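Peer 1: Its first residue numbered 8, the sequence shown is counted upward by one per residue in our numbering. Structure in C-alpha coordinates, see below.
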Amino acid sequence: MSEQGYRDRGEKQEKEEKERQERREKQEKEEKDQGRQERDKGEKWSGGDALGPLVWGLIIIFAGLAFGAANLGLYPWLTWENVWSYIFIGAGLLFLLEVVIRLLMPAYRRPVRGRIILAFVALAIGLGGVVGWELTWPLIIIAVGLAIIIGVFVRPSF
8 MSEQGYRDRG EKQEKEEKER QERREKQEKE EKDQGRQERD KGEKWSGGDA LGPLVWGLII
68 IFAGLAFGAA NLGLYPWLTW ENVWSYIFIG AGLLFLLEVV IRLLMPAYRR PVRGRIILAF
128 VALAIGLGGV VGWELTWPLI IIAVGLAIII GVFVRPSF
(Lines of atoms letter the chains of each structure in order from A and count residues from 1; the text may use other names and numbers.)
(Lines give C-alpha, C1' and ligand atoms only; values in the text may rest on other atoms or scores of the structure.)
Protein backbone atom coordinates (compact mmCIF):
# COMPACT_ATOMS: atom_id res chain seq x y z
CA MET A 1 0.00 0.00 0.00
CA SER A 2 1.21 3.44 -0.78
CA GLU A 3 2.23 5.99 1.72
CA GLN A 4 -0.79 8.10 0.80
CA GLY A 5 -3.11 5.13 1.58
CA TYR A 6 -1.54 4.62 4.99
CA ARG A 7 -1.82 8.30 5.76
CA ASP A 8 -5.50 8.38 4.69
CA ARG A 9 -6.22 5.28 6.77
CA GLY A 10 -4.42 6.81 9.76
CA GLU A 11 -6.34 10.05 9.41
CA LYS A 12 -9.57 8.10 9.09
CA GLN A 13 -8.80 6.12 12.26
CA GLU A 14 -7.90 9.29 14.13
CA LYS A 15 -11.14 10.89 12.97
CA GLU A 16 -13.18 7.86 14.07
CA GLU A 17 -11.40 7.78 17.43
CA LYS A 18 -12.06 11.49 17.92
CA GLU A 19 -15.77 11.00 17.08
CA ARG A 20 -16.00 8.07 19.56
CA GLN A 21 -14.36 10.21 22.23
CA GLU A 22 -16.79 13.06 21.55
CA ARG A 23 -19.77 10.66 21.76
CA ARG A 24 -18.48 9.26 25.08
CA GLU A 25 -18.03 12.75 26.49
CA LYS A 26 -21.49 13.78 25.30
CA GLN A 27 -23.05 10.66 26.84
CA GLU A 28 -21.22 11.22 30.14
CA LYS A 29 -22.38 14.84 30.18
CA GLU A 30 -25.99 13.80 29.52
CA GLU A 31 -25.83 11.20 32.31
CA LYS A 32 -24.34 13.77 34.67
CA ASP A 33 -27.02 16.33 33.76
CA GLN A 34 -29.75 13.72 34.21
CA GLY A 35 -28.37 12.79 37.64
CA ARG A 36 -28.23 16.45 38.62
CA GLN A 37 -31.84 16.99 37.49
CA GLU A 38 -33.03 13.97 39.48
CA ARG A 39 -31.11 15.15 42.54
CA ASP A 40 -32.50 18.68 42.22
CA LYS A 41 -36.02 17.31 41.78
CA GLY A 42 -35.55 15.17 44.89
CA GLU A 43 -34.33 18.16 46.88
CA LYS A 44 -37.22 20.27 45.65
CA TRP A 45 -39.83 17.75 46.75
CA SER A 46 -38.14 16.61 49.94
CA GLY A 47 -38.86 19.94 51.59
CA GLY A 48 -35.52 20.02 53.36
CA ASP A 49 -36.93 21.76 56.44
CA ALA A 50 -38.60 19.40 58.89
CA LEU A 51 -39.39 22.03 61.53
CA GLY A 52 -42.71 23.20 60.04
CA PRO A 53 -44.21 19.70 59.66
CA LEU A 54 -42.85 18.80 63.10
CA VAL A 55 -44.72 21.72 64.69
CA TRP A 56 -47.95 20.81 62.86
CA GLY A 57 -47.58 17.20 64.03
CA LEU A 58 -47.11 18.39 67.61
CA ILE A 59 -50.23 20.56 67.31
CA ILE A 60 -52.28 17.57 66.16
CA ILE A 61 -50.90 15.42 69.00
CA PHE A 62 -51.67 18.22 71.48
CA ALA A 63 -55.22 18.48 70.13
CA GLY A 64 -55.68 14.72 70.56
CA LEU A 65 -54.39 14.90 74.12
CA ALA A 66 -56.68 17.85 74.91
CA PHE A 67 -59.73 16.04 73.50
CA GLY A 68 -58.79 12.90 75.44
CA ALA A 69 -58.32 14.83 78.68
CA ALA A 70 -61.65 16.64 78.21
CA ASN A 71 -63.37 13.35 77.41
CA LEU A 72 -61.99 11.63 80.51
CA GLY A 73 -62.51 14.64 82.77
CA LEU A 74 -58.87 14.63 83.88
CA TYR A 75 -58.82 18.37 84.54
CA PRO A 76 -61.85 20.16 85.95
CA TRP A 77 -61.01 23.35 84.04
CA LEU A 78 -60.83 21.52 80.67
CA THR A 79 -64.34 20.86 79.41
CA TRP A 80 -65.96 20.33 76.03
CA GLU A 81 -67.03 23.97 76.04
CA ASN A 82 -63.48 25.32 76.19
CA VAL A 83 -61.32 22.52 74.75
CA TRP A 84 -60.86 24.37 71.45
CA SER A 85 -59.64 27.45 73.31
CA TYR A 86 -56.88 25.43 74.96
CA ILE A 87 -55.99 23.80 71.64
CA PHE A 88 -55.57 27.25 70.09
CA ILE A 89 -53.45 28.39 73.04
CA GLY A 90 -51.24 25.32 72.67
CA ALA A 91 -50.95 25.85 68.91
CA GLY A 92 -49.99 29.49 69.42
CA LEU A 93 -47.31 28.54 71.94
CA LEU A 94 -45.93 25.87 69.59
CA PHE A 95 -45.80 28.41 66.75
CA LEU A 96 -43.92 30.82 69.03
CA LEU A 97 -41.49 28.01 69.91
CA GLU A 98 -40.93 27.48 66.18
CA VAL A 99 -40.22 31.20 65.76
CA VAL A 100 -37.64 31.12 68.57
CA ILE A 101 -35.94 28.05 67.06
CA ARG A 102 -35.85 29.66 63.60
CA LEU A 103 -34.31 32.84 65.00
CA LEU A 104 -31.70 31.08 67.13
CA MET A 105 -30.64 28.14 64.95
CA PRO A 106 -29.01 29.05 61.62
CA ALA A 107 -29.89 25.67 60.07
CA TYR A 108 -33.62 26.48 60.36
CA ARG A 109 -33.42 30.21 59.69
CA ARG A 110 -36.24 31.50 57.49
CA PRO A 111 -38.53 34.52 57.58
CA VAL A 112 -40.84 34.20 60.59
CA ARG A 113 -43.24 37.11 60.24
CA GLY A 114 -46.08 34.85 59.04
CA ARG A 115 -45.57 32.41 61.91
CA ILE A 116 -45.59 35.23 64.45
CA ILE A 117 -48.89 36.50 63.07
CA LEU A 118 -50.31 32.97 63.08
CA ALA A 119 -49.13 32.47 66.67
CA PHE A 120 -50.74 35.72 67.83
CA VAL A 121 -54.01 34.91 66.07
CA ALA A 122 -54.11 31.41 67.60
CA LEU A 123 -53.27 32.76 71.06
CA ALA A 124 -55.89 35.50 70.74
CA ILE A 125 -58.60 33.00 69.76
CA GLY A 126 -57.62 30.69 72.60
CA LEU A 127 -57.30 33.36 75.26
CA GLY A 128 -60.56 34.96 74.13
CA GLY A 129 -62.37 31.73 74.94
CA VAL A 130 -60.64 31.18 78.29
CA VAL A 131 -60.22 34.61 79.91
CA GLY A 132 -62.62 36.66 77.78
CA TRP A 133 -62.12 39.27 75.10
CA GLU A 134 -62.01 42.15 77.58
CA LEU A 135 -58.53 40.98 78.64
CA THR A 136 -57.48 39.47 75.30
CA TRP A 137 -57.69 42.70 73.23
CA PRO A 138 -55.21 44.62 75.42
CA LEU A 139 -52.88 41.62 75.28
CA ILE A 140 -53.08 41.61 71.48
CA ILE A 141 -52.15 45.30 71.37
CA ILE A 142 -49.21 44.67 73.71
CA ALA A 143 -48.08 41.71 71.60
CA VAL A 144 -48.19 43.78 68.40
CA GLY A 145 -46.07 46.45 70.08
CA LEU A 146 -43.56 43.84 71.24
CA ALA A 147 -43.41 42.38 67.73
CA ILE A 148 -42.60 45.82 66.31
CA ILE A 149 -39.85 46.37 68.88
CA ILE A 150 -38.38 42.90 68.33
CA GLY A 151 -38.56 43.48 64.58
CA VAL A 152 -36.21 46.44 64.95
CA PHE A 153 -33.52 44.20 66.45
CA VAL A 154 -33.91 41.11 64.25
CA ARG A 155 -34.85 42.79 60.96
CA PRO A 156 -32.69 40.63 58.61
CA SER A 157 -34.39 37.34 59.51
CA PHE A 158 -37.76 38.78 60.53
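Backbone N, C-alpha and C define an ideal beta-carbon position, used for all residues, glycine too. Everything numeric in this text was worked out from a predicted model, so none of it was measured.
Please state if the CB of residue 108 and the CB of residue 154 are separated by a distance shorter than 7 Å.
Peer 2: For this step, residue 154 is matched to residue 147 along the sequence shown. For this step, residue 108 is matched to residue 101 along the sequence shown. Not in contact: residue 154 and residue 108 (Cβ atoms no closer than 7 Å).
Peer 1: Whether or not the stretch 127-136 and the stretch 98-107 are in contact is what I'm after, with contact meaning three or more pairs of Cβ atoms, one per stretch, closer than 8 Å; do they touch?
Peer 2: Touching, yes.
Peer 1: Between which two residues does the alpha helix (DSSP H) containing residue 121 stretch?
Peer 2: Translated into the one-based positions of the sequence shown, residue 121 becomes position 114. 120-137 is the span of the alpha helix (DSSP H), which, as asked, contains residue 121.
Peer 1: Between residue 71 and chain D, is any beta-carbon pair separated by less than 7 Å?
Peer 2: In the structure shown, chain D does not exist; there is a single protein chain.
Peer 1: What number of angstroms, rounded off, separates the C-alpha of residue 89 from the C-alpha of residue 152?
Peer 2: Here the question's residue 89 lines up with position 82 in the sequence shown. Here the question's residue 152 lines up with position 145 in the sequence shown. If you take the alpha carbons of residue 89 and residue 152, they lie about 28 Å apart.
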